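Student: Those protein sequences? They're chains A and B, same order as listed. For the first sequence, the working numbering begins at 1046 and goes up steadily by one. For the second sequence, the working numbering begins at 1046 and goes up steadily by one. For every residue, glycine included, the Cβ atom is placed at its ideal position computed from N, Cα and C. No experiment lies behind these values; they were computed from the predicted model shown.
There are 2 protein chains.
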Amino acid sequence: MEHTSRQYERELRELKDKILLLGGTVELMIASSMRALLGRDSETARGVIASDPRVDEAELEIDHLCISLLALRQPAASDLRFITTALKIVTDLERIGDSTVNIAERAIELNEQPPLKPYIDVPRMASTAAGMVHQALDAFVNRNPDEAREVLAMDEGVDRLYVQIFRELLTYMIEDPKSTTRALGITFIAKYLERIADHATNIAQMVIFLCEGQDVRHSPAGRSPASGT
Amino acid sequence: MEHTSRQYERELRELKDKILLLGGTVELMIASSMRALLGRDSETARGVIASDPRVDEAELEIDHLCISLLALRQPAASDLRFITTALKIVTDLERIGDSTVNIAERAIELNEQPPLKPYIDVPRMASTAAGMVHQALDAFVNRNPDEAREVLAMDEGVDRLYVQIFRELLTYMIEDPKSTTRALGITFIAKYLERIADHATNIAQMVIFLCEGQDVRHSPAGRSPASGT
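The structure is reproduced here in structure tokens:
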């Protein structure tokens, strides 16, 4: 029994480690996709695209681990919720990986055209979004709702940046139709970053629900308005 | 024991019914958001936005039902996978609801401006996407991988329509900068529809994995390229 319980603890620890590792991978992919854009470095962009299968594999492994924990360990209420939350979180992480691939694809296209303007707000959005992913996962493994709440606050900043970028690029498009394709490319990148931040927000909301049984996913404070798009 | 087992069957049945009901709700929201756009009917758009809390409640209820099934019934392998898949599917359904709200918001903005052009491909995309959601959920409750595979094939049609719409609207923006805001609004609506189809595809992929243990989520056949965006 002692032995089984230690084994169970080890598996739960393994679950947390795997989720943090996957989180680290997608954070790196966010950073690399930005480097590909800012440095006009399509080689790095292709690296991001090439690392996507690793994310997919990690998702599958975590799914399997969760299901085997549910099947073999019959976890008690609190762990049960932790594991079912992990099952949902891993889907968000995988889709964050997909969004970085989308950014990398747009970066490759943009790198083939002359630069439109220096990027200021886009990398700012990216680093906030990556920070949100990091903190949401920390909040999850530490079951810390306060950390998670800070993520919700950060999402408002990301939404504001998105609206700002969108308006600026719209002006470019209207004033100079030749810039439209490039401006649209950047708009889509900003939209993908906003979606990454939304996934981090979803994770944070699930963590708060996990810790407090209070559902902020659908309360005004917990909701990220998809404003300005 | 007989009694418990009948109760368990009833709860599983209830889970399926609730998922189908939620699916029906979001299908209706897709149709209404289109009616709001095509009929320039902002009242209907506001109805879509107002129905979002019902979706959120349904998601919570299904989550609770899944967790209580896991906790109290200790389901065997096949049901365990069915329930953990349900937990993931419900998240996709809720986000489909969110996308219809986004469409309704854009429709309200577009309705305040003169029409840009008649819509042909956008409603076609919407009805395919709604059909995909319907069929993916049917495949889930019937544990029918063939039905699910058809959903993957339909997603390719949606992606093609998206690229077509995007290119056409890009031409509008370049040729007539005054049309840019409206053309962008329609582009975003097409993007939300493409995302709805992606969620349906995700559901279908999970159903195939549930039935066959074969992961098509990350194989070339099971993947929807985010092409042309």
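Give the list of continuous alpha helix (DSSP H) stretches no shorter than 4 residues that lie fully inside the segment 1126-1207 of chain B.
Tutor: 1166-1186
Student: Strictly under 7 Å for the Cβ-Cβ distance: is A1116 (chain B) near chain A by that measure?
Tutor: Residue mapping note: residue 1116 (chain B) aligns to position 71 of the second sequence, counting from 1. For A1116 (chain B), the answer is yes, since a Cβ of chain A falls inside 7 Å of its Cβ.
Student: Give the C-beta separation of E1054 (chain A) and L1114 (chain A) to the nearest angstrom, bearing in mind that I take them to be a contact with Cβ-Cβ under 8 Å.
Tutor: Position 9 of the first sequence, counted from the first residue, corresponds to residue 1054 (chain A). Position 69 of the first sequence, counted from the first residue, corresponds to residue 1114 (chain A). The pair is not a contact, with the Cβ atoms about 11 Å apart (cut-off 8 Å).
Student: Please name the residue, chosen from A:L1082, A:S1078 and A:D1086, that lies closest to V1093 (chain A) on a Cα-to-Cα basis.
Tutor: Position 48 of the first sequence, counted from the start, is the residue given in the question as residue 1093 (chain A). Nearest of A:L1082, A:S1078 and A:D1086 to V1093 (chain A), Cα basis: A:S1078.
Student: So the candidates are B:V1186, B:M1177, B:L1229 and B:Q1180; which of them puts its Cα closest to the Cα of L1155 (chain B)?
Tutor: Taking the second sequence and counting its residues from 1, one reaches residue 1155 (chain B) at position 110. Among B:V1186, B:M1177, B:L1229 and B:Q1180, the Cα nearest to that of L1155 (chain B) belongs to B:L1229.
Student: Quick one: is M1218 (chain A) near chain B, going by C-beta distance under 7 Å?
Tutor: By one-based count along the first sequence, residue 1218 (chain A) stands at place 173. Yes, M1218 (chain A) lies at the interface with chain B (some Cβ there is under 7 Å from its Cβ).
Student: In terms of residue numbering, what span does the alpha helix (DSSP H) encompassing R1085 (chain B) cover?
Tutor: Counting from one through the second sequence, the residue named residue 1085 (chain B) turns up at place 40. No alpha helix (DSSP H) holds R1085 (chain B); DSSP gives it neither H nor E.
Student: Please classify A1121 (chain B): does DSSP put it in a helix, a strand, or coil?
Tutor: As a working mapping, residue 1121 (chain B) is identified with position 76 in the second sequence. A1121 (chain B) falls in the coil class under three-state DSSP.
Student: Determine the direct distance from the alpha carbon of A1249 (chain A) to that of E1288 (chain A), and round the result to whole angstroms.
Tutor: Outside the modelled stretch of chain A, which goes from 1046 to 1274, sits residue 1288 (chain A), for which no answer is possible.
Student: Starting from R1126 (chain A), find everything on chain B with Cβ-Cβ shorter than 8 Å and list it in chain order.
Tutor: To locate residue 1126 (chain A), count along the first sequence from 1; it is residue 81. By Cβ distance, chain B contributes I1112.
Student: Hey, R1099 (chain B) and F1233 (chain B): beta-carbon distance below 7 Å or not?
Tutor: Translated into positions along the second sequence, residue 1099 (chain B) becomes position 54. Translated into positions along the second sequence, residue 1233 (chain B) becomes position 188. No. Outside cutoff.
Student: Give a yes or no on whether the minimum CB-CB distance between Q1158 (chain A) and chain B is below 7 Å.
Tutor: Within the first sequence, residue 1158 (chain A) is the residue found at index 113, counting from 1. Residue-level contact check: Q1158 (chain A) does not touch chain B, since none of the beta carbons of chain B fall below 7 Å from its beta carbon.
Student: Is I1064 (chain B) close to chain A? Criterion is C-beta to C-beta, closer than 7 Å.
Tutor: For the purposes of this step, residue 1064 (chain B) is identified with residue 19 of the second sequence, where counting begins at 1. For I1064 (chain B), the answer is no, since every Cβ of chain A falls outside 7 Å of its Cβ.
Student: Take the Cβ of S1144 (chain B) as the centre, count every other Cβ of all protein chains shown within 10 Å, and call the residue buried at 16 or more, exposed below.
Tutor: Translated into the one-based positions of the second sequence, residue 1144 (chain B) becomes position 99. Buried, because 16 or more other Cβ atoms sit within 10 Å of the Cβ of S1144 (chain B).
Student: Just to confirm the assignment, what range does the alpha helix (DSSP H) spanning D1243 (chain B) have?
Tutor: Counting from one through the second sequence, the residue named residue 1243 (chain B) turns up at place 198. Residues T1225 to E1257.
Student: Quick check: the segment 1164-1179 of chain A against the segment 1069-1083 of chain A, are at least 3 beta-carbon pairs closer than 8 Å?
Tutor: yes
Student: What does the alpha-carbon distance come out to for the pair D1062 (chain B) and L1161 (chain A)?
Tutor: The residue labelled residue 1062 (chain B) in the question sits at position 17 within the second sequence. The residue labelled residue 1161 (chain A) in the question sits at position 116 within the first sequence. Each residue's Cα considered, the two are about 52 Å apart.
Student: Around the C-beta of S1224 (chain A), are 16 or more other C-beta atoms found within 10 angstroms, so that it is buried, or is it exposed?
Tutor: Mapped onto the first sequence, residue 1224 (chain A) falls at position 179. So S1224 (chain A) ends up on the buried side.
Student: Starting from the beta carbon of L1182 (chain B), find every residue of chain A whose beta carbon is closer than 7 Å, and list them in chain order.
Tutor: Locating residue 1182 (chain B) in the second sequence gives position 137, counting from the first residue. Correct list: empty, because the minimum Cβ distance to chain A is about 17 Å.
Student: Between Q1158 (chain B) and the rest of its own chain, which residues show a CB-CB distance below 6 Å, the 5 nearest in sequence each way excluded?
Tutor: The count along the second sequence starts at 1 and reaches residue 1158 (chain B) at position 113. R1227.
Student: I want to see whether chain B comes within less than 7 Å of L1206 (chain A), judged by CB atoms only; does it?
Tutor: Here the question's residue 1206 (chain A) lines up with position 161 in the first sequence. No, its Cβ sits nowhere closer than 7 Å to a Cβ of chain B.
Student: Counting only Cβ pairs nearer than 8 Å, list the residues of chain B close to A1122 (chain A).
Tutor: Position 77 of the first sequence, counted from the first residue, corresponds to residue 1122 (chain A). By Cβ distance, chain B contributes A1116.
Student: Go ahead and label A1242 (chain B) buried or exposed: buried means 16 or more other beta carbons lie within 10 angstroms of its beta carbon, across all protein chains shown.
Tutor: One-based indexing of the second sequence puts residue 1242 (chain B) at position 197. Label assigned to A1242 (chain B): buried.
Student: Roughly how many angstroms separate the alpha carbons of V1208 (chain A) and R1058 (chain B), rounded to a whole number?
Tutor: Position 163 of the first sequence, counted from the first residue, corresponds to residue 1208 (chain A). Position 13 of the second sequence, counted from the first residue, corresponds to residue 1058 (chain B). Those two C-alpha atoms are separated by around 44 Å.
Student: Which of the three DSSP states, helix, strand or coil, is assigned to S1269 (chain B)?
Tutor: Residue numbering aside, residue 1269 (chain B) sits at position 224 when the second sequence is read from its first letter. Confidence is the limiting factor: at S1269 (chain B) the pLDDT is only 41, short of 50, which leaves the residue's position unreliable, though a coordinate-based value still follows. Three-state result, S1269 (chain B): coil.
Student: Closer than 7 Å by beta-carbon distance: list the chain A residues that pair up with Q1119 (chain B), in chain order.
Tutor: Your numbering for residue 1119 (chain B) matches position 74 in the second sequence. Here the neighbours are Q1119.
Student: Going by C-alpha distance, which of B:I1231, B:D1204 and B:R1205 is nearest Y1217 (chain B)?
Tutor: On the second sequence, position 172 is the one that residue 1217 (chain B) refers to. For Y1217 (chain B), the closest C-alpha among the options B:I1231, B:D1204 and B:R1205 is that of B:I1231.
Student: To the nearest whole angstrom, what separates the beta carbons of M1251 (chain B) and T1130 (chain B), a pair I think is in contact under 8 Å?
Tutor: Counting from one through the second sequence, the residue named residue 1251 (chain B) turns up at place 206. Counting from one through the second sequence, the residue named residue 1130 (chain B) turns up at place 85. So it is a contact: roughly 5 Å between Cβ atoms.
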